[in-house]
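One structure below.
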Amino acid sequence: MEREQLRQRINELSAKHKAEGLTAEEEVERQALREEFLANFREAFRSQVEMMQLFDKAGNEVTPDKVKDIQRKKGLRDD
């Protein structure tokens, strides 16, 4: 499901839950949508962290070694 559609459906179910309650099927759907949303968020966040490079004020790279190793394994770094 597309991110925006996913968010809208989660919000719909949340509003219905507050207004009148959810059926058992809707509870299951809401939980599955939340898990999908969190998985997408974690994947995007991990990608951002793996792509980052940090520099100090003097212009020296201070990217953590763990991130550098991940970048090397993915072919994003050649040093």
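So the sequence shown is numbered by the numbering used here: it starts at 89 and just counts up by one. All C-beta atoms, glycine included, are put in the ideal place defined by N, C-alpha and C.
Exercise for the section: Grab the span of the alpha helix (DSSP H) containing M139 for me, first residue to last. Expected result: Here residue 139 corresponds to residue number 51 of the sequence shown, with the count starting at 1. Looking at the DSSP string, the run of the alpha helix (DSSP H) that includes M139 is A112 to M139.
Exercise for the section: Report yes if the C-beta distance between E149 and Q136 is below 9 Å; otherwise report no. Expected result: Along the sequence shown, one-based indexing puts residue 149 at 61. Along the sequence shown, one-based indexing puts residue 136 at 48. It is not a contact, given that the beta carbons lie outside the stated cut-off.
Problem - When L121, P152 and V116 are compared against N99, the one with the closest alpha-carbon - result: Indexing the sequence shown from 1 puts residue 99 at position 11. It is L121 whose Cα lies nearest to the Cα of N99.
Problem - 8 Å Cβ shell around E101 - same chain, five flanking residues per side excluded - result: Along the sequence shown, one-based indexing puts residue 101 at 13. According to the sequence shown, residue 101 is Leu rather than Glu. The residues are L110, E114, E117, R118 and L121.
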